[in-house]
Structure formats: C-alpha cells, structure tokens
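In our numbering, the protein residues as written are 152 to 348. All C-beta atoms, glycine included, are put in the ideal place defined by N, C-alpha and C. Working notes, beginning with the structure itself.
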C-alpha cells in the first residue's frame, strides 16, 4: 500500500477494474494503512484482497521468541518477514502468471539492478515493474495530478511504510528506505519479497 502501489492501482482501475489486487496484512500494520485500504476500496469500487500470515506460525514465533524478536538479529527479522510476508505472498501469487509491482530502482541499493520485466525465480512468476525508472518526484507528481489516495504517514516523514514496529519517520532528504529496519546495514534491508536468487 505504498505510494507506488497506489499509482499502479489508479492506473489499472482507470483501464479495467477487473484485476486482482492484493496486499499483505502482516498483523503489524499502522492504522493509517488499514484506513488507506478502505479508502482505496471505496474510491475505485474494488475489493483489495488481504493475505494474512498463518495463525499457527505467528503464535509459535511469538510464544517461543517474543513479540519483538526481530530486533535481536537479521536472522530473527528475516524469520518474522518470512512468516508475515513471504509465505502469504506465495499464497497470493499461486495460480497467476504475472505480478505487477510498484518497485523503483532508486528505492534502495538492493533494487538498482531490477528490470521492467523479469522472471521471479523464488515465486516462479513473471514480475512486471512498470515504475522501475520513475523517480520519487514522478510518483508524487502523478499522485497530485490524479488526486490519488495515499498513506498519510508520508506527510509525517515516512517515505517507505511497512510494519509499524519496523518503520519510522526520517529526516527530509534521507534515503528512501532508511526508516525501514534502521538498526540494520543498508545492504541487508530487504524483507525477501523482492530478492533475486
């Protein structure tokens, strides 16, 4: 439900609302993200499908490692991301041949080499990144020109928004993803959804 995803949703719904749009609800999203899902559904008269982590996996992780184990190590954070994001994504993509994302090359060093169209080995799907060469300015110009709804956390200094405990506001002009997993090395800041194998 990032700004880029909202641009893609607006473009798709203006062409044909008969597309399947989904999001991953990790169970740790910020309330403004839930509000944006509702706003987007109402605005375009669509139903964004939410994919959740498996209850038993979350219960096991929290029972054995605690509610905030992801702060302890990259391994624990990646385990949390796997349970809350990767596994639900695999279910969301099952049966599809194409996946359209809002990825942009300038978002992080880990995304610089992505192509507009590529094969996602991990999910065995063709991944289409139509905004790959867009700048942050391009995204916000489109949002303003087309009155696209966006997460109000962006107005509070959050250039990238994920789970509430793993996302924070950053200073103006800071790296786009510096508020995500801020306790980690920037070259390791991916949840695993968009990693090339």
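(request) Kindly indicate which residue of 165, 203, 208 and 211 has the alpha-carbon position closest to the one of residue 196. (result) Nearest of 165, 203, 208 and 211 to residue 196, Cα basis: 165.
(message) Let's see if you can read the secondary structure: which residues bound the alpha helix (DSSP H) around residue 158?
(response) Element bounds for residue 158: 154 to 166.
(request) Starting from residue 231, follow the alpha helix (DSSP H) in both directions and report where the run begins and ends. (result) That run of the alpha helix (DSSP H) goes 225 to 232.
(request) Quick one: grab the DSSP three-state call for residue 262. (result) Reduced to three states, the DSSP call for residue 262 is helix.
(message) Below 8 Å on the Cβ atoms is my contact criterion, and I expect residue 312 with residue 181 to pass it. Report the Cβ-Cβ distance as a whole number of Å.
(response) Going by Cβ atoms, the distance from residue 312 to residue 181 rounds to 7 Å, so yes, they are a contact pair.
(request) Compare the C-beta of residue 156 against all C-beta atoms of chain C and say whether one is closer than 8 Å. (result) Looking for chain C here will not work: only one protein chain is present.
(request) Rounded to whole angstroms, what's the CA-CA distance from residue 251 to residue 294? Just pull it up for me. (result) In a straight line, the C-alpha of residue 251 is about 18 Å away from that of residue 294.
(request) Would you check if the distance between the CB atom of residue 155 and the CB atom of residue 319 is smaller than 8 Å? (result) At least 8 Å separates the beta-carbon of residue 155 from that of residue 319.
(request) Have a look at 161, 271, 204 and 315 and flag the residue whose alpha-carbon is nearest the alpha-carbon of residue 230. (result) Ranked by Cα distance from residue 230, the options 161, 271, 204 and 315 are led by 204.
(request) Report the partner residues of residue 251 according to the DSSP bridge assignment. (result) Answer is 279, bridged to residue 251.
(request) Kindly indicate which residue of 275, 270, 304 and 265 has the alpha-carbon position closest to the one of residue 285. (result) Out of 275, 270, 304 and 265, the CA that lies nearest to the CA of residue 285 is found in 265.
(request) Give the range of the alpha helix (DSSP H) segment to which residue 213 is assigned. (result) Residue range 206 to 216 is occupied by the alpha helix (DSSP H) that includes residue 213.
(request) Would you kindly work out how many angstroms separate the C-alpha atoms of residue 345 and residue 298, rounded to a whole number? (result) With a pLDDT of 45 at residue 345, under the threshold of 50, the modelled position of this residue cannot be trusted; read the value that follows with caution. Residue 345 and residue 298: Cα-Cα distance of roughly 28 Å.
(request) Report the three-state DSSP secondary structure of residue 170 (helix, strand or coil). (result) Coil at residue 170, not helix or strand.
(message) Distance check for residue 172 and residue 237, CA to CA, integer angstroms please.
(response) If you draw a straight line from the Cα of residue 237 to the Cα of residue 172, it is about 17 Å long.
(message) In whole angstroms, give me the CA-to-CA distance for residue 274 and residue 239.
(response) Distance between the alpha carbons of residue 274 and residue 239 is about 12 Å.
(request) Enumerate in chain order the residues of its own chain whose CB-to-CB distance from residue 243 is below 6 Å, with the five nearest sequence positions on each side excluded. (result) Excluding sequence neighbours, residue 243 sits near 173 and 202.
(message) Check for me: the alpha helix (DSSP H) holding residue 189 runs from which residue to which?
(response) Note, residue 189: alpha helix (DSSP H), 182 to 195.
(request) Could you check what DSSP says for residue 203 in three-state terms: helix, strand or coil? (result) Here DSSP, grouped into helix, strand and coil, assigns residue 203 to coil.
(message) I need the straight-line Cα distance from residue 216 to residue 336, nearest angstrom please.
(response) Linking residue 216 to residue 336 through their CA atoms gives a straight-line distance of about 23 Å.
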